[in-house]
Amino acid sequence: MKAYELLYINRNTLRIMSEMSLDASDIKYLEMYKDYTRLTAEGHKKAYIMQYLADEYSISERTIYRVIDRLSVDVSIQ
4 MKAYELLYIN RNTLRIMSEM SLDASDIKYL EMYKDYTRLT AEGHKKAYIM
54 QYLADEYSIS ERTIYRVIDR LSVDVSIQ
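The numbering of the sequence shown is the numbering used here, which starts it at 4 and goes up by one.
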């Protein structure tokens with residue numbers, strides 16, 4: 004498969020991602036976000052969640068805050 008074919012097949016999804024300023028490299032944070040939502044649903048305090056995720060995924064708490072903000076944005080598909 005050529006790069007053109009991959010882009011053409013996924014053009015609608017990629018267009019939406021581009022309009023929403025979503026970065027495809029954020030896929031590496033999907034498990035972390037899943038853990039964040041689980042811990043939030045369990046009623047843990049945000050400070051504890053951020054510290055836990057920072058330790059678990061070896062990234063800074065500030066990065067976690069930025070990623071959580073980016074992945075929490077509502078996306079409208081038209």
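All residues carry an ideal CB built from backbone N, CA and C; glycine is no exception. Computed from a predicted model, the values in this text were never measured in an experiment.
- Beyond the five residues adjoining it in sequence on each side, Ile80 comes within less than 7 Å, by CB distance, of Ile19 in the same chain, given in chain order.
- By the Cβ rule, the segment 31-47 counts as touching the segment 62-79, because three or more pairs are nearer than 8 Å.
- When C-beta atoms of the segment 34-43 are compared with those of the segment 51-60, three or more pairs fall below 8 Å, so the two segments count as touching.
- DSSP, read as helix, strand or coil, puts Met23 in coil.
- With a 10 Å radius around the Cβ and a threshold of 16 neighbouring Cβ atoms, Tyr39 comes out buried.
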